[in-house]
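Numbering (this note's numbering), first residue to last: 2 to 242.
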């Protein structure tokens, strides 16, 4: 099998890929695997010999603290190399867990090493992918500290809308959502009461529909302005890297 087209979509949004680079991406050999909701895809500990590309569904990055509840620090979508940083690390400090049913593709480290030697522009784009991942982490920290529940949930929905649009998974401003309000509350650290109040406010303001595993932003620009969402941190403007 060859690598998911979603990665190519994500890279092409940020820079121009040559036909050779596209061919290299498409010819990367992968090892596909499937996971169910709650399964551990990558376990904390020694860095694996393969990197994992998410191709269907969503996944979370989870941190364990002895007997305390897990902390979620990231949501991953199709096209994300969820552990590309492991290519250079010896230890992984978190788990990656399936959020709903997931399909992934594993890429051997030796393949990435060959790309890094022979295709410097392409490997720069893959590292850009990791740097954007780090920017997402920083924004999550900032929104956790500064936004109230309504604003933070709205900011996340705007972010998912923007990220999923890049890989062609938004239609009529709607996208699949493998988590319900209760599970999102757990991810963000909010009670069911906080979640219900926030979602009811979105509906009352005619900003969001959320039903049967699908979210639709009724007015993405107005929602973005209301919650202070600026997509600049997603690096969506094409540039020569």
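Cβ coordinates follow ideal geometry from the N, Cα and C atoms, glycine included.
_residue 82, buried or exposed, once every other Cβ within 10 Å from all chains shown has been counted against 16_ = Against the chain shown, residue 82 aligns to sequence position 81. The residue is buried, with at least 16 neighbouring Cβ atoms inside 10 Å.
_Spatially closest choice to residue 62 from 39, 49, 148 and 47, by CA coordinates_ = Position 61 of the chain shown, counting from 1, holds the residue named residue 62. Selected option, being the one with the closest Cα: 39.
*Could you work out which residue in 76, 110, 106 and 79 is closest to residue 91 when comparing CA atoms only?*
Position 90 of the chain shown, counted from the first residue, corresponds to residue 91. Minimum Cα distance to residue 91 is reached at 110.
*Are three or more beta carbon pairs between the segment 174-184 and the segment 98-106 nearer than 8 Å?*
In short, these stretches touch, since the Cβ pair count reaches three.
_Selection from 166, 155 and 242 that minimises the alpha carbon distance to residue 201_ = Translated into the one-based positions of the chain shown, residue 201 becomes position 200. Cα-wise, what sits closest to residue 201 is 155.
_Rounding to the nearest angstrom, what Cα-Cα distance links residue 220 and residue 162 in this structure?_
Counting from 1 along the chain shown, the entry for residue 220 is found at position 219. Counting from 1 along the chain shown, the entry for residue 162 is found at position 161. Whole-angstrom Cα-Cα distance: 12 Å.
*Residue of 54, 43, 46 and 226 minimising C-alpha distance to residue 11*: For the purposes of this step, residue 11 is taken as residue 10 along the chain shown, with counting starting at 1. With distances taken between CA atoms, residue 11 lies nearest to 54 out of 54, 43, 46 and 226.
*In this structure, what does DSSP give as the bridge partners for residue 43?*
Within the chain shown, numbered from 1, the residue matching residue 43 stands at position 42. DSSP output for residue 43 lists 97 as bridge partner(s).
_Burial state of residue 164, where buried means 16 or more other Cβ atoms lie within 10 Å_ = Counting from one through the chain shown, the residue named residue 164 turns up at place 163. When all chains shown are included, residue 164 counts as buried.
*Could you check which residue in 89, 222 and 60 has the C-alpha nearest to that of residue 105?*
For the purposes of this step, residue 105 is taken as the residue at position 104 of the chain shown. The candidate whose alpha carbon is nearest that of residue 105 is 60.
*As assigned by DSSP and simplified to three states, the class of residue 25*: Taking the chain shown and counting its residues from 1, the one referred to as residue 25 is at position 24. Secondary structure of residue 25 (DSSP, three-state): helix.
*Entirely enclosed beta strand (DSSP E) segments - the segment 97-184, minimum 3 residues*: List check, beta strand (DSSP E) in window: 175-177.
_Using DSSP's beta-bridge definition, name the partner residues of residue 51._
Within the chain shown, the letter at position 50 stands for residue 51. Partner(s): 109.
*Kindly say whether residue 218, judged by its beta-carbon, lies nearer than 9 Å to any beta-carbon of chain C.*
The structure shown contains no chain C, having only a single protein chain.
_So, at 7 Å on beta carbons, what are the nonlocal neighbours of residue 192 in its own chain, with the 5 sequence-adjacent residues on each side left out?_
Residue mapping note: residue 192 aligns to position 191 of the chain shown, counting from 1. Within the same chain, and ignoring the five residues on either side of residue 192 in sequence, the residues whose Cβ sits closer than 7 Å to its Cβ are 186.
_Suppose the cutoff is 8 Å on Cβ atoms and the five residues either side in sequence are ignored; what does the same chain contact list for residue 66 look like?_
Taking the first residue of the chain shown as 1, we reach residue 66 at position 65. Residues of the same chain with a CB within less than 8 Å of the CB of residue 66, apart from the 5 flanking positions on each side, are 72 in chain order.
*Rounded to whole angstroms, what's the CA-CA distance from residue 34 to residue 211? Just pull it up for me.*
In the chain shown, the residue the question calls residue 34 occupies position 33. In the chain shown, the residue the question calls residue 211 occupies position 210. C-alpha separation (whole angstroms): 29 Å.
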